[in-house]
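Below is one structure, written out as structure tokens; comments come after it.
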Amino acid sequence: MIYVVIPAGGSGTRLWPLSRAGHPKFLHPFTGTSASLLQATVDRLGPLTTPERTMVVTGAAHAAAVARQLTGLPEENILVEPSPRDSCAAIALAAAVIAVRDPDAVMGSFAADHLIGDPQRWVDTVREAVRGAEQGLLMTVGITPTRPETGYGYLRTGEPVEGGPMRPVVEFKEKPSAEVAETYVRSGHYLWNAGMFVWRVSAFLAELARQQPDLHGGVTAIAAAWGTDEQDDVLGAVWPTLTKISVDYAVMEGAAAAGRVATVPGDFRWNDVGDFHTLGEVLPADTDGNVVLTGDAKPEVLLHDSSGMVVAPQAGRLVAAVGVRDLIVVDTEDALLVCPRDRAQDVKSIVDELKRRGEDKLV
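Okay, so the sequence shown: first residue is 1 according to UniProt numbering, each after it adds one.
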């Protein structure tokens with residue numbers, strides 16, 4: 001059994017108006033069931049860990065909702081960030097807290113808002129990554145590309161180690177152009193970077209100390225006070241001083257350059273639930289390709305001579321459509337979104353405009 005950390009942050013602006021800053025996408029049932037993305041993540045981790053070894057790092061605004069959704073998790077395993085400091089601070093804090101409890105622990109970090117189509121294959125892939133972590137490597141779980149995708153970062157890999165699934169990671173690559181993505185996929189040497197990590201906490205913290213000594217010193221000081229009467233004072237004083245940087249930039253890129261990162265390719269139908277069009281592709285559809293997102297509620301939806309629709313009826317009233325194709329319709333109590341599925345990525349621009357106007361209650 002490994003320790004598991006679930007970073008649960010971000011507002012999912014391309015899933016507005018369902019996903020909001022106060023109720024982000026990982027709390028929503030974007031799973032085809034009544035389970036939220038966060039609950040599905042915890043369930044998927046069952047073969048790898050226990051509730052006592054599972055931690056969620058989330059913001060103060062979401063801590064109560066996380067606790068309500070994860071009633072089996074010990075209260076002290078919900079680590080609350082006073083403010084967003086990006087993924088490195090969140091993951092490093094959890095690693096430092098785990099290191100105090102169990103210095104030799106192996107830890108996995110898995111986002112709260114991913115969908116996995118084949119959970120057993122995912123578990124098997126993570127177990128392969130654990131073997132690499134036990135050798136002292138910082139491991140990632142890479143995704144075998146199914147298309148030239150421009151929306152993901154990539155891992156450039158070397159040859160498999162001793163004929164097994166594990167490969168060294170030579171370089172982390174940014175999101176490419178369509179032409180570059182095509183060459184990546186054709187080469188067979190690139191995997192999608194899904195932000196799934198497995199390592200010994202001691203190995204990660206040593207690499208953090210090498211590359212980000214101030215951040216290392218900060219999370220170590222916080223972890224030393226964690227669970228004591230001084231926790232809030234130390235957290236409040238130190239947390240705002242931590243560098244705001246992703247774990248890829250802060251640690252993984254430099255560790256890869258030093259030959260300390262490896263990956264295990266995975267093919268388990270992964271999706272990061274980035275927008276409504278994506279949900280329409282991965283969730284169960286009717287015979288006309290229409291997907292209705294209802295969660296626990298069962299509001300009525302009437303779609304006549306319509307296909308390829310993604311409909312989220314959340315206002316408790318009938319949503320009806322006639323003779324339309326490939327649209328997104330999201331109906332909430334205070335906002336209605338209608339857009340073509342091929343413009344799903346542009347929903348973020350609505351959120352940006354609302355922020356510019358100061359319409360904070362809508363975002």
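The C-beta atom is built at its ideal place from N, Cα and C for all residues, glycine as well.
Inset, instruction - Below 8 Å on the Cβ atoms is my guess for residue 167 versus residue 158; work out the distance and round it to an integer in Å. - result: For the purposes of this step, residue 167 is taken as the residue at position 167 of the sequence shown. For the purposes of this step, residue 158 is taken as the residue at position 158 of the sequence shown. Going by Cβ atoms, the distance from residue 167 to residue 158 rounds to 6 Å, so yes, they are a contact pair.
Inset, instruction - Rounded to whole angstroms, what's the CA-CA distance from residue 42 to residue 78? Just pull it up for me. - result: By 1-based counting over the sequence shown, the position of residue 42 is 42. By 1-based counting over the sequence shown, the position of residue 78 is 78. Taking the straight line joining both Cα atoms gives about 13 Å.
Legend entry - Residues bridged to residue 87 [DSSP beta-bridge criterion]: As a first step, residue 87 must be located in the sequence shown, where it is residue number 87. DSSP lists no partner for residue 87.
Inset, instruction - Taking 8 Å as the threshold, find out whether the region 15-24 comes into contact with the region 118-126 through three or more Cβ pairs. - result: Output reads no: the region 118-126 does not touch the region 15-24.
Legend entry - Helix, strand or coil at residue 328 [DSSP, three-state]: Reading the sequence shown from its first residue, position 328 is the one you call residue 328. DSSP places residue 328 in strand when its eight states are reduced to three.
Legend entry - Of the residues 135, 13, 83, 97, the one placed nearest residue 227, counting alpha carbons only: Taking the first residue of the sequence shown as 1, we reach residue 227 at position 227. Per the Cα distances, 97.
Inset, instruction - Starting from the C-beta of residue 86, find all residues in its chain whose C-beta is less than 6 Å away, skip the five residues before and the five after it, and write them out in chain order. - result: Taking the first residue of the sequence shown as 1, we reach residue 86 at position 86. These residues qualify, in order along the chain: 244, 245, 246.
Inset, instruction - With a floor of 4 residues, list each alpha helix (DSSP H) that falls wholly inside the region 182-221, ordered by position along the chain. - result: 201-211
Legend entry - residue 280 (DSSP reduced to helix, strand or coil): Residue 280 sits at position 280 when you count from the first residue of the sequence shown. If DSSP states are grouped into helix, strand and coil, residue 280 belongs with the helices.
Inset, instruction - Quick one: using the 10 Å Cβ neighbour count with 16 as the cut-off for buried, is residue 322 buried or exposed? - result: The residue labelled residue 322 in the question sits at position 322 within the sequence shown. It counts as exposed.
Inset, instruction - Mind reading off the beta-carbon distance from residue 301 to residue 292? Whole number of angstroms is fine, and I expect it under 8 Å. - result: Numbered from its first residue, the sequence shown carries residue 301 at position 301. Numbered from its first residue, the sequence shown carries residue 292 at position 292. 5 Å between Cβ atoms; contact.
Inset, instruction - Look at the Cβ atom of residue 337, then the Cβ atom of residue 324, and state whether they are nearer than 9 Å. - result: Residue mapping note: residue 337 aligns to position 337 of the sequence shown, counting from 1. Residue mapping note: residue 324 aligns to position 324 of the sequence shown, counting from 1. No, they are not a contact pair.
Legend entry - DSSP state of residue 228 mapped onto helix, strand, coil: On the sequence shown, position 228 is the one that residue 228 refers to. Correct three-state label for residue 228: coil.
Legend entry - Identity of the residues DSSP links to residue 131 by a beta bridge: The residue given as residue 131 occupies position 131 in the sequence shown. Per DSSP, none; premise fails for residue 131.
Inset, instruction - Please list, in chain order, all residues of the same chain as residue 189 whose beta carbon is under 7 Å from its beta carbon, the five residues on each side excluded. - result: Numbered from 1 along the sequence shown, position 189 holds the residue referred to as residue 189. Closer than 7 Å at the Cβ level, and outside the excluded window around residue 189, lie 156, 157.
Inset, instruction - Out of 170, 71, 40, 150, point me to the one whose CA is closest to residue 254's CA. - result: Mapped onto the sequence shown, residue 254 falls at position 254. Among 170, 71, 40, 150, the Cα nearest to that of residue 254 is on 170.
Inset, instruction - May I have the straight-line CA-CA distance separating residue 369 from residue 124, to the nearest angstrom? - result: What is shown of the chain runs 1 to 363, which leaves residue 369 out entirely.
Legend entry - the ligand ADP heavy atom lying under 8 Å from the CB of residue 5: This structure lacks the ligand ADP, and indeed carries no ligand of any kind.
Inset, instruction - Say whether the region 199-217 touches the region 266-277, bearing in mind that this needs 3 or more beta-carbon pairs closer than 8 Å, one atom from each stretch. - result: Fewer than three Cβ pairs drawn from the region 199-217 and the region 266-277 lie within less than 8 Å of each other, which leaves the two stretches out of contact.
Inset, instruction - Tell whether a beta-carbon distance below 9 Å holds between residue 38 and residue 90. - result: One-based indexing of the sequence shown puts residue 38 at position 38. One-based indexing of the sequence shown puts residue 90 at position 90. It is not a contact, given that the beta carbons lie outside the stated cut-off.
Legend entry - Nearest-angstrom beta carbon gap, residue 192 and residue 145 [assumed within contact, 8 Å]: One-based indexing of the sequence shown puts residue 145 at position 145. One-based indexing of the sequence shown puts residue 192 at position 192. Between residue 192 and residue 145 the Cβ distance is about 6 Å, and since that is below 8 Å, they are a contact.
Inset, instruction - In angstroms with no decimal places, state the Cα-to-Cα distance between residue 136 and residue 304. - result: Taking the sequence shown and counting its residues from 1, one reaches residue 136 at position 136. Taking the sequence shown and counting its residues from 1, one reaches residue 304 at position 304. Their backbone Cα atoms lie some 58 Å apart in a straight line.
Inset, instruction - For residue 123, name the three-state secondary structure that DSSP assigns. - result: Position 123 of the sequence shown, counted from the first residue, corresponds to residue 123. Shown here, residue 123 sits in a helix according to DSSP, grouped into three states.
Inset, instruction - Determine which residues share a DSSP beta bridge with residue 271 and list them. - result: As a working note, residue 271 is residue 271 in the sequence shown. Answer by DSSP bridge pairing, in chain order: 115.
Legend entry - Residue burial classification, residue 34 (beta-carbon count within 10 angstroms, cutoff 16): Your numbering for residue 34 matches position 34 in the sequence shown. Classification of residue 34: exposed, given that the 10 Å Cβ count is below 16.
Inset, instruction - Using three-state DSSP, classify residue 349 as helix, strand or coil. - result: Taking the first residue of the sequence shown as position 1, residue 349 is located at position 349. Here residue 349 sits in helix by DSSP.
Inset, instruction - Identify the continuous alpha helix (DSSP H) that holds residue 253 and give its terminal residues. - result: To locate residue 253, count along the sequence shown from 1; it is residue 253. In the DSSP annotation of this structure, the continuous segment of the alpha helix (DSSP H) that includes residue 253 starts and ends at 253-257.
Inset, instruction - With DSSP as the reference, please indicate the residues paired to residue 362 in a beta bridge. - result: Here residue 362 refers to the residue found at position 362 when the sequence shown is read from its first residue. Beta-bridge partners assigned by DSSP to residue 362: none are found.
Inset, instruction - Please report how far the alpha carbon of residue 177 lies from the alpha carbon of residue 329, in whole angstroms. - result: Position 177 of the sequence shown, counted from the start, is the residue given in the question as residue 177. Position 329 of the sequence shown, counted from the start, is the residue given in the question as residue 329. If I take the Cα positions, the gap works out to 30 Å.
Inset, instruction - Taking the CB atoms as reference points, tell me whether residue 218 and residue 239 lie closer together than 9 Å. - result: Taking the sequence shown and counting its residues from 1, one reaches residue 218 at position 218. Taking the sequence shown and counting its residues from 1, one reaches residue 239 at position 239. Cβ atoms of residue 218 and residue 239: closer than 9 Å.
Inset, instruction - Inspect the beta-carbon positions of residue 288 and residue 308 and report whether they are closer than 9 Å. - result: Within the sequence shown, numbered from 1, the residue matching residue 288 stands at position 288. Within the sequence shown, numbered from 1, the residue matching residue 308 stands at position 308. Yes. Within cutoff.
Inset, instruction - Out of 259, 282, 264, 261, state which residue places its alpha-carbon closest to the alpha-carbon of residue 270. - result: As a working note, residue 270 is residue 270 in the sequence shown. Closest by alpha carbon: 282.
Inset, instruction - Identify which residue in 319, 14, 23, 9 has its Cα closest to the Cα of residue 361. - result: Here residue 361 is taken as the residue at index 361 of the sequence shown, counted from 1. The candidate whose alpha carbon is nearest that of residue 361 is 23.
Legend entry - First and last residue of the uninterrupted alpha helix (DSSP H) at residue 42: The residue you call residue 42 lines up with position 42 of the sequence shown. It spans 37-44 - the alpha helix (DSSP H) in which residue 42 sits, taken as one unbroken run.
Legend entry - Beta-carbon proximity of residue 58 to residue 94, cut-off 9 Å: Against the sequence shown, residue 58 aligns to sequence position 58. Against the sequence shown, residue 94 aligns to sequence position 94. Contact flag unset, no.
Legend entry - residue 157, DSSP secondary structure in three states: Position 157 of the sequence shown holds residue 157. Strand at residue 157.
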